[in-house]
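According to this note's numbering, the stretch in the sequence shown is residues 35 to 410, in order.
No residue lacks a Cβ here, since even glycine has one placed at the ideal position from N, Cα and C.
Everything below concerns the one structure shown next.
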Amino acid sequence: MPFRIATFNIENLYARFDFSGKVARGARVVGLYAIEDATEYDLVRKSYEAMASDDMRQLTALAIAETDADVICLQEIDDQIALDLFYENYLRPVLRQKFAQATKGLDRESRERVAPAWFYDHRVVTPGNDTRGIDVAVMSRFPVEVSSNAGLTLDFLAGAALDWDKLEPLSATRGRKIFPRDCVEVEVATPFGTLVVFNCHFKSMQPLTRGGDGRLDTQLLRQAEAMAVRRIVERRFGGPESARAANWAICGDLNDYREIDGVAVEGGALAPLLADGFAVDPMQRLAPTERWTHYFTSDDAYVQLDYMLLSPALAARNPHALPQIVRKGQPHRVPRLEGVARYPRVGWARPKASDHCPVAIALELEADAGTENARA
35 MPFRIATFNI ENLYARFDFS GKVARGARVV GLYAIEDATE YDLVRKSYEA MASDDMRQLT
95 ALAIAETDAD VICLQEIDDQ IALDLFYENY LRPVLRQKFA QATKGLDRES RERVAPAWFY
155 DHRVVTPGND TRGIDVAVMS RFPVEVSSNA GLTLDFLAGA ALDWDKLEPL SATRGRKIFP
215 RDCVEVEVAT PFGTLVVFNC HFKSMQPLTR GGDGRLDTQL LRQAEAMAVR RIVERRFGGP
275 ESARAANWAI CGDLNDYREI DGVAVEGGAL APLLADGFAV DPMQRLAPTE RWTHYFTSDD
335 AYVQLDYMLL SPALAARNPH ALPQIVRKGQ PHRVPRLEGV ARYPRVGWAR PKASDHCPVA
395 IALELEADAG TENARA
């Protein structure tokens with residue numbers, strides 16, 4: 035039976051407040067209201083943001099539940115407390131209702147037997163390098179072993195074909211950490227076989243200079259990350275050839291794109307992961323205009339920032355597997371989705387599930403001997 039895996043940047047899952055921005059804080063403005071007293075402003079702001087977060091996270095939970103993933107890689111998680119609070123207060127109630135509906139005719143013993151296949155009892159957040167504290171995480175219906183690569187420096191890429199002279203002005207010296215967040219290795223022990231997932235969140239496309247080109251300015255940094263991920267995969271499986279024959283996937287927000295609305299564009303930093311067939315992007319199996327996971331309002335651009343790259347062996351075993359992109363949590367400001375059903379209370383710009391779309395795919399793995407599917 036297929037094993038479902040998903041990736042989702044859920045946009046700033048914090049267990050803390052103050053997302054209002056410097057301008058609003060300086061003017062003590064909440065919504066359209068200016069508040070003179072600093073103490074009163076702080077209380078009103080916290081209440082306002084708590085309500086806004088509550089709306090958003092209900093939508094986030096609906097989007098995650100719709101993926102029906104056995105393992106989901108998450109990005110932009112504050113810490114373990116934030117993930118556990120979100121799970122217990124938002125996601126678990128949604129899953130509990132789906133479970134009750136699906137198992138209504140079963141007796142108690144049967145319900146308890148299949149329950150683990152519905153809930154995410156295995157949840158891990160791994161602290162990374164981001165100075166704002168946004169980390170990557172995994173939620174799984176099966177046991178996982180997790181290891182971080184946040185400590186790797188650019189020395190790990192010795193001998194790589196990188197433009198070191200251009201990297202130095204970016205403060206990318208040999209001793210600098212490669213990943214601004216992390217590349218986390220997640221080994222999932224499933225009833226269908228073992229899968230290793232590399233959960234990544236690459237450098238954002240923020241301009242380094244006023245009026246600069248954010249994608250171009252930061253391209254070399256993401257290219258170094260992509261090269262490092264490839265070496266990590268090869269190291270994990272004992273070399274390039276054995277890596278090609280193994281079961282693995284690279285998931286996450288890679289913060290770069292190869293096309294806009296299905297039309298190829300030059301540049302980009304992801305070539306090290308896709309060159310010579312090292313990994314396969316199943317999103318290419320979709321129609322060109324259906325591959326996007328993020329919409330840039332300023333450029334009216336539909337791009338793919340979120341990826342699930344498969345090993346050659348895994349892709350060959352699943353030649354017809356198509357990714358599912360969940361867009362019902364996107365705000366109404368996304369023009370192409372006019373007339374598309376949304377979750378209740380999705381707004382023009384907010385609330386929304388996230389500024390990214392979750393992506394899921396069902397894969398056949400090589401079953402381990404003596405195991406069988408426990409899903410009802």
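With a threshold of 16 other CB atoms inside 10 Å of the CB of E421, please say whether the residue is buried or exposed.
Residue 421 lies beyond the residue range present for the chain, which begins at 35 and ends at 410; the question has no answer from this structure.
Please confirm if the region 220–229 is in contact with the region 170–182, defined as three or more CB-CB distances below 8 Å between the two stretches.
yes
Can you look up K80 in the DSSP assignment and give me helix, strand or coil?
Reduced to three states, the DSSP call for K80 is helix.
When the Cα atoms are used, what is the spatial distance from L339 to D141?
The straight-line gap from Cα to Cα measures roughly 44 Å.
Pick out whichever of F153, T187 and I168 has its Cα sitting closest to the Cα of S174.
F153
Per DSSP, Q358 forms a beta bridge with which residues?
In the DSSP secondary-structure assignment, Q358 is bridged to A394.
Quick check on this structure: which residue in L204, W282, H366 and D169 has the alpha carbon closest to the alpha carbon of Q109?
D169
Please tell me whether A375 has its Cβ less than 9 Å away from any Cβ of chain D.
Checking the listed chains, one finds no chain D in this structure; it contains a single protein chain.
Can you give the beta carbon distance from D315 to H390, rounded, assuming they're within the 8 Å contact cut?
D315 to H390, Cβ: 17 Å. No contact.
Taking C-alpha atoms, which residue in N46, E275 and A260 lies nearest to G415?
The requested residue 415 does not occur in the structure, where the chain is confined to residues 35 to 410.
In three-state terms, what does DSSP make of L140?
coil
Which runs of the alpha helix (DSSP H) spanning at least 4 residues fall entirely within the region 100–129, listed in chain order?
Fully enclosed alpha helix (DSSP H) runs of 4 or longer: 114–120.
Exposed or buried, what is K237 when buried is set at 16 or more other beta-carbons lying within 10 Å of its beta-carbon?
buried
Grab me the residues of Y377's own chain with a C-beta within less than 6 Å of its C-beta, minus the 5 sequence neighbours each way, in chain order.
L93, L96, K362 and G363
For E398 and T165, I'd like the C-alpha separation in whole angstroms.
Looking at the two C-alpha atoms, the distance is approximately 38 Å.
The alpha helix (DSSP H) with I266 in it runs from where to where?
That run of the alpha helix (DSSP H) goes Q253 to F271.
At what residues does the alpha helix (DSSP H) containing L308 begin and finish?
A305 to L308
Is it the case that the region 319–327 contacts the region 288–306, given that we only count it when at least three CB pairs across the two stretches are under 8 Å?
yes
Write down the C-beta distance between I39 and I395 rounded to the nearest angstrom, noting that I regard them as a contact closer than 8 Å.
6 Å
If you draw a straight line from the alpha carbon of T160 to that of G381, how long is it in whole angstroms?
32 Å
Enumerate in chain order the residues of its own chain whose CB-to-CB distance from K56 is below 8 Å, with the five nearest sequence positions on each side excluded.
Unreliable positioning characterises K56 in this predicted model, as indicated by a pLDDT of 49, which lies under 50. The coordinate reading is nonetheless provided below. Within the same chain, K56 has no close Cβ partners at all.
Out of L356, T101, G209 and A194, which has the shortest C-alpha to C-alpha gap to T187?
G209
Could you please give the first and the last residue of the uninterrupted alpha helix (DSSP H) stretch that includes S276?
Going by DSSP, S276 is part of the alpha helix (DSSP H) stretching over P274 to R278.
Within a Cβ cutoff of 6 Å, which residues of the same chain sit near D402, ignoring the five residues on either side of it in sequence?
Note that D402 scores 40 on pLDDT, short of 50, meaning its location in the model is unreliable; the coordinates nonetheless yield the value given after this. The answer, listed in chain order, is G227.
For P353, is the classification buried or exposed, using 16 other Cβ atoms within 10 angstroms of its Cβ as the cut-off for buried?
exposed
When the Cα atoms are used, what is the spatial distance from V78 to P385?
19 Å
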